[in-house]
Amino acid sequence: MLPCTITYGATSWSQATEELLTEKDEGQPLYADSTYTGEEQEKVYKKKKVINKVIEKGYRNKSLSEKQKASNKEKSSTQAQVEHLFGFVENSMNGSFVRTIGLA
């Protein structure tokens with residue numbers, strides 16, 4: 378069984394990272410978008426002993442270096458492969474979704 382955490386709809390996924398990472402994740406790379414960056418997240422990754430492969434984020438007065446851009450390209454390539462595989466599986470199993478405006 379996979380771990381899960383129940384949160385309010387307005388809660389960012391990044392706030393549940395520590396609860397979702399288990400001992401099985403130790404030593405494994407964590408690929409995620411820039412939502413999962415920051416000092417607090419770094420502490421969680423070190424505590425849980427995962428390999429940080431999170432996309433780095435540039436800021437208004439400090440853009441990414443060429444090295445960071447190259448690193449992000451490699452990370453996002455792996456992330457895209459996983460997302461495409463998930464999308465293929467979802468579509469193959471007749472995954473359905475509902476789009477609504479306002480409260481559903």
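Quick note: our numbering has the sequence shown finishing at residue 481, numbered continuously throughout. Don't be surprised by glycine CBs; every beta carbon is placed ideally from N, CA and C. The model shown is predicted, which means the values in this text are computed figures rather than measured ones.
*Contact between the region 436 to 453 and the region 418 to 426: three or more CB pairs below 8 Å?*
In this structure the region 436 to 453 does not touch the region 418 to 426; the number of beta carbon pairs closer than 8 Å is below three.
*Short check: CB of residue 428 to CB of residue 407, under 8 Å?*
Against a cut-off of 8 Å, the Cβ pair of residue 407 and residue 428 comes out as a contact.
_Buried or exposed (CB count within 10 angstroms, at least 16 for buried), residue 452_ = When all chains shown are included, residue 452 counts as buried.
*asked:* Rounded to the nearest angstrom, what separates residue 435 and residue 412 at their Cα positions?
replied: The alpha-carbon of residue 435 is positioned some 12 Å away from that of residue 412.
*Among residues of its own chain, excluding the 5 on either side of residue 416, which ones have a beta-carbon nearer than 8 Å to its beta-carbon?*
None.
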